[in-house]
Structure formats: structure tokens, C-alpha cells
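Here is the structure we will look at, set down as C-alpha cells.
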Amino acid sequence: MKIILPVAGKGTRLRPHTHTKAKSLVHVAGKTVLEHIIGRLAPLVASEYIFITDENSAQIEGFMKEKFPQIPCRYTVQKQRLGPAHAVALAAPFIEKGDDVLVVFNDTIFVADLTAIPRLCADADGLIYSKEVEDYQRFGVNVVNDGYITGMVEKPDTPISRLAQVGLYYLKDGRGFMDYLERTIAAGETVKGEYYLPPVFMRMIRDGLRFRAPEIDAWLDCGKPETLLETNRYLLRGRHHVHGEAINTVLVEPVHIAAGAKVRNCILGPNVSIAPGCVIAESIIRDSIVNVDSEVRDLVLHSTILGDSVRLIGAPQRMNIGDHSLIEMEGA
């Protein structure tokens, strides 16, 4: 198996956190998004990981060499932003006859048993992983009949299906999939100037190939600040870890304090991730992510994401308040 990871993209919905780093290197629950994804791919026996990158290629390559030196990786740059199908097609020179392929997009962290792929795909040509959602109008959905996908609808107005595509695809014949990608691109099948995967899959289905739509257990969006915080809450469940210093501090589980972080005279939690090198003092923080080498003092924070090397210094308030007073100090 070869695993294709398209990690290009500006990550505009996550700005300012993606101004200086690739979106897959944003932290959540004590790890980068990419670390969470690679960890979920570990049970698979892959001969090569193929990264489709952009101008942040050096960041991705350096990260993989540091964190996962044992994984054989290849990198190719998407110089033109022509959509996800175009990005995946850039892996074509490295996919040989007999290769099966797993495509993993990096806006989401998935929870699924990938060791079940051989069983799920025993009588099919591929798997387009899905998740049933209520807000189906926001997604491309799979229409399934008798266990196989018969159609795909982008952002349907009516609930023809609630099985949203989650950006995780398995193809039994990787070389054949690349040929279909190249044919679709040659035919100019674009939406607003970009190439997407559903037209490729529909071309394959019309030619008689069969796809199943297995549901994943959880679909954790990392594409926006608010959903990143939701994912942080989900991933921290049952993972109360204190590897750094926590002196004279109350921890409301779950909290992740990385090795090398120092916390003094604080109340942290629930759902707080503190990265290595951070100094947190005289503060109250909940539902937040504090990234590497940041400093927070004398503040009350909630629903907050702090990037790398941020210094956020507040000040205690001094008040002289008489009887029967009402003081409301509301934050954002």
C-alpha cells in the first residue's frame, strides 16, 4: 500500500495560526494534526507515504524526519492550486501497477479501524469513508443502494443522503485510479476552476467499478478555530496527562501539560492543552490550547488558541466595592 497525504493549502479558515506554519502542523490535544493522523495510520503496512505539499514543504519534510524517521516518505509540490483531485494526481508518477492506495486529507482527524480495509473491500473496488451528519447541506454526500455507492451529490438541498464524505479514500487498484484522475483532468471537469474527486469516482462507477461507503467512528474537524477547540475537547477525553511542572495548581480534568512546561498558581481545565516550553502563572484557563514556548500571566482565558512564542501578560484588578453592588466584567 502507498498512502497519499495532500497537505497543501493555505488554511485560511485557521488564520492567524497558519500564517507561519502548514495547517497540518497546528497543535491540538498535545500533538500536531499530522501526528494524530500518522498515529492512526500506524496499523497499516505502507511501503511509502507520498506528501503533496506547497511552499511549506520544508516544514513538513523536517517534521517527518524528526518525529517519524522510520517512515519512508516522498514529497512533491503542488505549484498550481487546482483543487484536491489535481493534488492527488501529482502522486501518479510514484504509483505502480499492483499498488493499492489510501488517500488521507488533513483537515480532519478520523477515528476508524483501518485494519478492516481488506474485509470491507473484499467485494468492492474501493472505499469512500463517510459519516452520517445532520447538516448534510454543507457537504458532498454519498448515495448508497444495496450497499454500494450509486451517486454523489454536492451540498444537497434535500436529504437524499446524510452520508458525508470525510476525505478518506481507499482504492484497490491505485494505478487504475491515477488513470481515471488523469482522464478527468484532461476532460476539464472543473468546479469554479478546480478539480474535485466526486467526478472521478462517478466516472469510475459509470464504468462498472463498485465502491462502499463505510462509516468512521468519529470525524474531527481541524479546519477552523472553533472546531479545533471541539476536537481538542474530544481528544482529551480520558487523557489527563501532566508531564511538566504543576506547582500550587488546581487541575480540572482533562488537562494535558507537556514535558518542559511550567505551571504555577493556576486553575487549569477542563479541556486545556499546554505545549512544551510554556510558562503559565497566576491564571485561570479552560477550553484552550496554548502552543510552544508561550507565556501567560495574570489572566483569565477561555475558548482561546495561542500560537507559538506568544507573551500574554495581564494584571490583577484592585477594587473597593460597597454593599449591594453588581459588577459584571464580561469577556468576549
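At position 236 of the sequence shown (counting the first as 1) the number is 334 in the numbering used here, and the numbers step up by one without a gap. For glycine and all other residues, C-beta sits at the position ideal for the given N, C-alpha and C.
Cβ-based burial, M250 [other Cβ within 10 Å; buried from 16]:
Indexing the sequence shown from 1 puts residue 250 at position 152. Buried, because 16 or more other Cβ atoms sit within 10 Å of the Cβ of M250.
Taking only three categories from DSSP, how would you classify S122?
In the sequence shown, counting from the first residue as 1, residue 122 sits at position 24. Here S122 carries a helix assignment [DSSP, helix/strand/coil].
In angstroms with no decimal places, state the Cα-to-Cα distance between P374 and E343.
For the purposes of this step, residue 374 is taken as residue 276 along the sequence shown, with counting starting at 1. For the purposes of this step, residue 343 is taken as residue 245 along the sequence shown, with counting starting at 1. Between P374 and E343, the C-alpha separation is close to 11 Å.
Beta-carbon separation (whole angstroms), I148 vs F192, contact threshold 8 Å
The sequence position of residue 148 within the sequence shown is 50, counting from 1. The sequence position of residue 192 within the sequence shown is 94, counting from 1. About 6 Å; that satisfies the 8 Å criterion.
Determine the contact status of P323 and E252, defining contact as a CB-CB distance below 8 Å.
Residue mapping note: residue 323 aligns to position 225 of the sequence shown, counting from 1. Residue mapping note: residue 252 aligns to position 154 of the sequence shown, counting from 1. No.
Where DSSP assigns a beta bridge to H339, which residues make up the other side?
The residue you call residue 339 lines up with position 241 of the sequence shown. Paired residue(s): H354.
Shortest alpha-carbon distance to T288 belongs to which of L180, I383, A156 and I387?
Counted from its first residue, the sequence shown places residue 288 at position 190. T288 has its Cα closest to that of L180, out of L180, I383, A156 and I387.
Indicate the three-state DSSP secondary structure (helix, strand or coil) for L410 in the structure shown.
Looking up residue 410 in the sequence shown gives position 312. Look at L410 here: in three-state DSSP terms it is strand.
Name, in chain order, the residues that DSSP records as bridge partners for L139.
As a first step, residue 139 is located in the sequence shown; it is residue number 41 there, counting from the start. Per the DSSP secondary-structure output, L139 pairs with nothing in a beta bridge.
Are there 16 or more other CB atoms within 10 angstroms of the CB of R335, so buried, or fewer, so exposed?
Start at 1 with the first residue of the sequence shown, and residue 335 comes out as number 237. An exposed status is given to R335, since fewer than 16 other beta-carbon atoms sit within 10 Å of its beta-carbon.
Between the region 153-162 and the region 194-208, can you find at least three pairs of beta-carbon atoms closer than 8 Å?
No: the two stretches stay apart, fewer than three of their Cβ pairs being nearer than 8 Å.
In whole angstroms, what is the alpha-carbon distance linking C376 and V143?
The count along the sequence shown starts at 1 and reaches residue 376 at position 278. The count along the sequence shown starts at 1 and reaches residue 143 at position 45. The alpha-carbon of C376 is positioned some 36 Å away from that of V143.
Distance, Cα to Cα, R245 vs V124?
For the purposes of this step, residue 245 is taken as the residue at position 147 of the sequence shown. For the purposes of this step, residue 124 is taken as the residue at position 26 of the sequence shown. Reading the sequence as shown, one finds Gly at residue 245 and not Arg. One C-alpha to the other measures close to 37 Å.
If I follow the unbroken alpha helix (DSSP H) through Y332, where does it start and stop?
Position 234 of the sequence shown, counted from the start, is the residue given in the question as residue 332. Residues P323 to L334.
Quick check on the DSSP output: the alpha helix (DSSP H) that includes G274 runs from which residue to which?
Reading the sequence shown from its first residue, position 176 is the one you call residue 274. Judged by DSSP secondary structure, G274 falls within the alpha helix (DSSP H) whose first and last residues are G272 to A284.
Do you know whose CA, among N346, L397, Y268 and A214, lies nearest F141's CA?
As a first step, residue 141 must be located in the sequence shown, where it is residue number 43. The amino acid at residue 141 is misidentified as Phe; the sequence shows Pro. P141 has its Cα closest to that of A214, out of N346, L397, Y268 and A214.
Compare the C-alpha of K270 against each of S407, E292, Y293 and L307 and name the closest.
Mapped onto the sequence shown, residue 270 falls at position 172. Of the listed residues, the one whose Cα sits closest to K270 is L307.
How would you write the range of the alpha helix (DSSP H) that I158 sits in, first residue to last?
Here residue 158 is taken as the residue at index 60 of the sequence shown, counted from 1. Residues S155 to K165.
On the three-state DSSP scale, how would you describe V231?
Mapped onto the sequence shown, residue 231 falls at position 133. Taken through DSSP and simplified to helix, strand or coil, V231 comes out as coil.
Indicate the three-state DSSP secondary structure (helix, strand or coil) for F149 in the structure shown.
Start at 1 with the first residue of the sequence shown, and residue 149 comes out as number 51. DSSP places F149 in strand when its eight states are reduced to three.
L307 by DSSP, collapsed to three states: which one?
Walking along the sequence shown from the start, residue 307 turns up at place 209. Assignment of L307 by DSSP, reduced to helix, strand and coil, places it in the coil class.
Quick one, which of I169, V201 and K229 has its alpha-carbon nearest E313's?
The count along the sequence shown starts at 1 and reaches residue 313 at position 215. Nearest option by C-alpha distance: K229.
Apply the 10 Å Cβ neighbour rule to P474 and answer buried if 16 or more other Cβ atoms are within range, or exposed otherwise.
Because the chain is modelled from 99 through 430, residue 474 falls outside the range shown and cannot be assessed.
Considering only the beta carbon of each residue, do Y227 and S259 sit closer than 8 Å?
In the sequence shown, residue 227 corresponds to position 129, counting from 1. In the sequence shown, residue 259 corresponds to position 161, counting from 1. Going by C-beta atoms, Y227 is not nearer than 8 Å to S259.
Would you check if the distance between the CB atom of I372 and the CB atom of I378 is smaller than 8 Å?
Position 274 of the sequence shown, counted from the first residue, corresponds to residue 372. Position 280 of the sequence shown, counted from the first residue, corresponds to residue 378. Cβ atoms of I372 and I378: closer than 8 Å.
Sequence-distant residues of the same chain with beta carbon closer than 7 Å to W317, five excluded per side:
On the sequence shown, residue 317 is found 219 positions in, with the first residue counted as 1. Take W317, set aside five residues on each side of it, and the residues of its chain with a beta-carbon closer than 7 Å to its own are T206, F208, K229 and V264, in chain order.
Going by other Cβ atoms of all chains shown within 10 Å of its Cβ, with 16 needed for buried, is K195 buried or exposed?
Position 97 of the sequence shown, counted from the start, is the residue given in the question as residue 195. Around the C-beta of K195, fewer than 16 other C-beta atoms lie within 10 Å, and the residue is accordingly described as exposed.
Cut-off 6 Å between Cβ atoms - residues of its own chain near P170, not counting five sequence neighbours on either side:
Indexing the sequence shown from 1 puts residue 170 at position 72. Annotation for P170: E146 place their beta carbon closer than 6 Å to its own, counting only its chain and skipping 5 residues before and after.
Sub-8 Å separation of L404 and S381 beta-carbons:
By one-based count along the sequence shown, residue 404 stands at place 306. By one-based count along the sequence shown, residue 381 stands at place 283. Their beta carbons are not under 8 Å apart, which means L404 does not touch S381 by this criterion.
Please list, in chain order, all residues of the same chain as I136 whose beta carbon is under 7 Å from its beta carbon, the five residues on each side excluded.
Position 38 of the sequence shown, counted from the first residue, corresponds to residue 136. Spatial neighbours of I136 in its own chain (CB-CB distance under 7 Å, excluding positions within 5 residues in sequence) are listed in chain order as F166.
Do V390 and V370 count as a contact pair if the criterion is CB distance below 8 Å?
Translated into the one-based positions of the sequence shown, residue 370 becomes position 272. Translated into the one-based positions of the sequence shown, residue 390 becomes position 292. No, the pair does not count as a contact, with Cβ atoms beyond the cut-off.
Under 8 Å by Cβ, that's how I've got V199 and G272 pegged, so tell me the actual separation to the nearest angstrom.
By one-based count along the sequence shown, residue 199 stands at place 101. By one-based count along the sequence shown, residue 272 stands at place 174. Contact flag correct, Cβ pair sits at about 3 Å.
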